[in-house]
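Residue numbers (the working numbering), protein chains in the order written: chain A, -9 to 274; chain B, 7 to 233; chain C, 1237 to 1506.
Note that CB positions come from ideal geometry on N, CA and C, so glycine has one too.
See below for the structure under consideration.
Right, dumping it as structure tokens:
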């Protein structure tokens, strides 16, 4: 082969490698920028008070987002109570019981619903729950987040269950085990890690939703004592503080955003830890 | 993979048939040497027996190799029957050698004045051998079954020859030595017929998967293959 | 609606003579989407013997096996005709649940499939536990008994709590056999149990089959004719959904009656 040809091919190879590397950097860059910004702007405002105190009115120094942090946790707990059972059972139904037409429609609906903008969700729940209840409430906030979780969890559950080899189902049935028992104790148990991963990812996703909460939970400057009262949530609080004209509140918003992203990152890391391959020995 | 196996089977069949033709030739020549007092011919028969022996070794080796391929049904029966037939053919060759030896001994001495039906018994035995080998080639079970009763005829003829020779020896004691040679030669021919019968029984097993040896039921009719 | 009670353990069948029929198959036909995969099969499978099912791909032998424990019903487009009587009880009788049939007829699959989230002894007892057996003593006894019968006890008795997937391929298959035996079926179906194993492991499985037939009726589907010849008492040859020939193994492999059987067995097709 020509030496010139060879050099040209080497050069092409190097160009492509550099290009690929540059693209990879471009992908990571936004995340790095976000973290960098959040840390530089928000870290200074993170202190014990931030986690324990209620927001103070403008002008007073200090205060925190304790109620918003707690509120986010309460909301995602409520959402899980709705989203997890319905989503997981729905996923089980789609995967394990074959009714071709019906399943097709369910999947189609779930996929469409996944694409519904979150603000639309907020408006729907506003009309259906907030208006009849004559007020914003924690319940409404939990419901809207739960409804958003359902199609997510249902689809990931179904996909994970489909990955369980049919050999296990057949082996269990061949032992004379009833189908529902087989599904729960064999199939779901085998896919459990994947299902939990799906749930956690859905939780992380809805934890950061702001728009639907505008219409349902509404936010609260104080502690919430009843489910029928409005409740504060991190994204809401961040939004309110960020559009305000006060510097102090801006700083707190940055801190809140940092806390939120740390929360999401923590969830992702725990997902990684959960799904690591514990058994390094494989069958011969 | 089966093409190789089928080729192996064909080679086995060919070797067997070649060995058979050598054996037939040996018997023919041995009888001829005996009747025509031809020492040179007798010597050739004895030398050619080595070829027949070598064939038996080769066929057994090839058969064992084919058995490692685990043949089944007809193929399995063919390989095992080939081993058996080659053994019978080798024995036929040995009998032919014995006849040739007696022929050479008799040629050295003056002929005995006696009329023996040796050409007839030899002819019968040779016919039986040829028929058995043909039935193998044609996989003709009925033809093979038809050979088996003819052995009785050969036995009877041998008895007759034996009796004639014994009487001659009693009347002419000086011919005892030569007559004994004739008795042995006739016995060898009778044994050749026995071996031909064995080959026929093997052919019946090959075609019908029925073992008719030692049963005493030697019918002419072929039984239909069992369902 | 007659309920079939689970009969006492397979070992309690010593009163039955060796010529008992375990499975009387009469005019069995199976259709997938109205296409006949099995056509009018009639045969008697002997008790406490090994019956091998051979035939080229697509001949219906796996479908036949799965019809014996009603596993073909997992396919929603499956339909069947005819009957199969398990020691006198028609498994397709009205009101008979497949679950009941499957507790009397066990199955071992081509690819070993021990449940990955369970340990060795959990796998063995899963059939019992998930059917309500709680007594720890019984479970422990059954575990040892089944693992001994599957010739696996000595290799795993010190690590019963190790994950089942840490075993080698051959061991996993024997574990699956132990798992099937733990529910004390009367018949054991095996769908090409050794085809994914190396020769040594295959040998162990074949030796195991010959031991197990003293207690259980075994029906084994195999594409390996040497295996059928080595380890079975009776052989059935299927072709294009029909039972072509059925008889003692020795006869089928030395002098089959049907030309199609002869052609298949000598490798002229399939």
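- For the stretch 115 to 146 of chain B, the set of positions with a beta-carbon nearer than 7 Å to some beta-carbon of chain C is empty.
- Note that the C-beta distance between residue 1297 of chain C and residue 1478 of chain C is not below 8 Å.
- Where residue 1276 of chain C is concerned, the enclosing beta strand (DSSP E) starts and stops at 1271 to 1282.
- Exposed is the label assigned to residue 34 of chain A, since fewer than 16 other Cβ atoms lie within 10 Å of its Cβ.
- For residue 1316 of chain C, no alpha helix (DSSP H) segment is defined; the enclosing uninterrupted segment is the beta strand (DSSP E) at 1314 to 1322.
- Those residues of the stretch 1340 to 1356 of chain C placed with their C-beta closer than 7 Å to a C-beta in chain A are 1342, 1343, 1345, 1347, 1349, 1351, 1352, 1353, ordered along the chain.
- At a beta-carbon threshold of 7 Å, the residues of chain B lying near residue 1492 of chain C are 79, ordered along the chain.
- Residues of chain C whose Cβ lies closer than 9 Å to the Cβ of residue 219 of chain B do not exist; the shortest such Cβ separation is about 16 Å.
- If you look at residue 1499 of chain C, you'll find it in the alpha helix (DSSP H) that goes 1495 to 1501.
- Per the DSSP secondary-structure output, residue 1399 of chain C pairs in a beta bridge with C:1355.
- With 16 or more neighbouring CB atoms inside 10 Å of its own CB, residue 1500 of chain C falls in the buried class.
- In this structure residue 91 of chain A is exposed. Its beta-carbon is surrounded by fewer than 16 other beta-carbon atoms within 10 angstroms.
- Restricting attention to alpha helix (DSSP H) runs no shorter than 4 residues, the stretch 1386 to 1440 of chain C encloses them at 1389 to 1392, 1405 to 1418, ordered along the chain.
- Residue-level contact by beta carbon holds for residue 215 of chain B and chain C, with a gap shorter than 8 Å.
- At a beta-carbon threshold of 8 Å, the residues of chain A lying near residue 1307 of chain C are 160, 163, 164, ordered along the chain.
- By the neighbour-count criterion, in which a residue is buried when 16 or more other Cβ atoms sit within 10 angstroms of its Cβ, residue 5 of chain A is exposed.
- In this structure, DSSP gives residue 132 of chain A a helical state, which the three-state scheme calls helix.
- In summary, the residues of the stretch 175 to 205 of chain A whose CB is separated from some CB of chain C by less than 7 Å are 175, 176, 179, 180, in the order they occur in the chain.
- By the beta-carbon neighbour count (other beta carbons within 10 angstroms, threshold 16), residue 1299 of chain C is buried.
- Counting of Cβ neighbours within 10 angstroms places residue 13 of chain A among the exposed residues, the total staying below 16.
- Counting along the chain, residue 1262 of chain C sits inside the beta strand (DSSP E) bounded by residues 1257 to 1268.
- Residue environment: residue 94 of chain A is assigned as exposed (fewer than 16 neighbouring CB atoms within 10 Å of its CB, all protein chains considered).
- Scanning its chain for C-beta atoms nearer than 8 Å, with the 5 sequence neighbours on each side dropped, one finds around residue 1442 of chain C the residues 1430, 1463, 1466, 1467, in chain order.
- Rounded to whole angstroms, the separation of the alpha carbons of residue 1460 of chain C and residue 162 of chain B is 53 Å.
- Between residue 32 of chain B and residue 55 of chain B, the C-beta spacing is below 8 Å.
- Counting along the chain, residue 196 of chain A sits inside the alpha helix (DSSP H) bounded by residues 179 to 197.
- Within the DSSP secondary-structure output, residue 1304 of chain C pairs in no beta bridge.
- A straight line joining the alpha-carbon of residue 2 of chain A with that of residue 17 of chain A spans about 23 Å.
- Beta-bridge annotation (DSSP): residue 93 of chain A is not paired with any residue.
- Counting along the chain, no beta strand (DSSP E) covers residue 86 of chain B; the unbroken alpha helix (DSSP H) around it starts and ends at 79 to 114.
- Judged by DSSP secondary structure, residue 64 of chain A falls within the alpha helix (DSSP H) whose first and last residues are 56 to 86.
- The closest CA to that of residue 119 of chain B, considering only B:179, B:160, B:62, is found on B:179.
- DSSP, reduced to helix, strand and coil, places residue 146 of chain B outside both helices and strands of the structure shown, so it counts as coil.
- For residue 1350 of chain C, the closest of C:1280, C:1409, C:1335 by C-alpha to C-alpha distance is C:1409.
- Taking the CA atoms as reference points, residue 1267 of chain C sits about 6 Å from residue 1314 of chain C.
- For residue 147 of chain B, the number of other beta carbons within 10 angstroms of its own is at least 16, and it is reported as buried.
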